[in-house]
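In this note's numbering, the protein residues as written are 1077 to 1135.
A short worksheet on the structure shown next.
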Amino acid sequence: MDAQSWLATGLTYIGLSGGGELFVVTVAAAFLMVARLQALRASEHRAEDSHVEDQQVTA
């Protein structure tokens, strides 16, 4: 799942749960953290891919 999917899932879960404020904040924070980690991993993979491409071009 990419970052946008995680956020959409988190927001949908919060909307369907109808939980209290603390629950909503906790779930939102957890899904936001996962989304940021997913985005970080994706950017690292893109950086690795471009580095590999640069090495292949120069070789």
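Where is the CB? At the ideal position from N, CA and C, for every residue including glycine.
Contact under 8 Å by Cβ, residue 1111 with residue 1087
Your numbering for residue 1111 matches position 35 in the sequence shown. Your numbering for residue 1087 matches position 11 in the sequence shown. Contact: no.
Output the distance between the C-alpha atoms of residue 1117 and residue 1123, rounded to the nearest integer angstrom.
Within the sequence shown, the letter at position 41 stands for residue 1117. Within the sequence shown, the letter at position 47 stands for residue 1123. Distance between the alpha carbons of residue 1117 and residue 1123: 10 Å.
Suppose you measure from the CA of residue 1090 to the CA of residue 1102; what does that come to, to the nearest Å?
Within the sequence shown, residue 1090 is the residue found at index 14, counting from 1. Within the sequence shown, residue 1102 is the residue found at index 26, counting from 1. C-alpha separation (whole angstroms): 10 Å.
Only counting the same chain, and skipping five residues up and downstream in sequence, which positions put a Cβ closer than 8 Å to that of residue 1080?
By 1-based counting over the sequence shown, the position of residue 1080 is 4. Within the same chain, residue 1080 has close Cβ partners 1111.
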